[in-house]
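Encoded as structure tokens, the structure appears first; notes follow it.
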Amino acid sequence: MAMICLKAVEWSDFVNHAASDVRREAVPKHRGTWRKRYLETGALWRKVAKVPAQEASYRPAAERVRMVKAAFTPAGLMPRRQETGGLIQQLYDSFSRPAPAGTRSAAMRVRQVLYRADPYQIDLQIELQQVQNRLAVTGQLVDLSHPEMVGRGVQVMISDGREYIVNTVTNHFGEFRGEVENSGDLEISFHGGSRKPIVILLRGALNPFSSAKE
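At position 36 of the sequence shown the residue is numbered 22 (the working numbering), and the sequence of numbers has no breaks.
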């Protein structure tokens, strides 16, 4: 019996029940090694045929998608006030004051910044891990609408402003921590009281001449 060799398109038709009756009847007539090869190849193509359906059924969490979009929306493409939760006010920046003589080099490796973005007050400490060349970010959220409370259980996303992202959640004291690659920039985003994301962007996170942007 002559062997029937199927091309890729013909295999696709075969597993999708679109092959001709002649093709479908010929395959089961083979014996031994050739029959085994046909069965194995057919099984492989059936798995391939299922991939599009599996991909179509996958949907990331809607909240995660919103946070990623907010963090990576290029500045200037749309009004920030529509995208974020409102004005971010910088209350304190340790880099705004010259470091004492003799301590400047060490001081440039640690930066403390305090922001207000209703309803939260955000306390940040950014430290350079020189060996790994990473930025260690420690922060705390305080809910100003309830002074006796802290921002516990808030999802926070820390990013190097490019591809490296760390997702964390504030603890019972409103504290969070994460490390990202030191690309020079730093982005921190979380949801405010309006459920719109608050995004803090530091261009040159450990550059004394940088500033935070909403």
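Using N, Cα and C, we set each Cβ at its ideal position, and we do this for glycine too.
Just so you know, these numbers come straight off a predicted model, no measurement behind them.
- For L114, same chain residues with a beta-carbon under 7 angstroms away, outside a window of 5 residues either side, are R95, L121, N168 and L192 in chain order.
- Per DSSP, the continuous beta strand (DSSP E) segment holding F162 begins and ends at E161 to E167.
- I74 is a Cβ neighbour of A103, given a cutoff of 9 angstroms.
- Around the Cβ of H158, a 10 Å sphere holds fewer than 16 other Cβ atoms; the residue is exposed.
- Less than 9 angstroms divides the Cβ of Q107 from the Cβ of L77.
- With respect to the 9 angstroms criterion, G160 and V185 are not classified as neighbours on the basis of their beta carbons.
- The DSSP-derived three-state label of E173 is strand.
- Comparing alpha carbon positions, the residue from M135, R138, G137 and L172 closest to V152 is L172.
- V123 places its beta carbon less than 9 angstroms from that of I174.
- As the crow flies, the alpha-carbon of R163 is around 8 angstroms from that of T156.
- Residues P105 and Q107 of the same chain have their beta carbon placed closer than 6 angstroms to that of L130, with the five preceding and five following residues left out of the count.
- Apart from the 5 residues on each side of it in sequence, S80 sits with its Cβ closer than 8 angstroms to the Cβ of A93, V96, R97, Q98 and V99 in its chain, given in chain order.
- Counting only residues of its own chain and dropping the five nearest sequence neighbours on each side, K33 has no CB closer than 7 angstroms to any other CB.
- Secondary structure of A29 (DSSP, three-state): helix.
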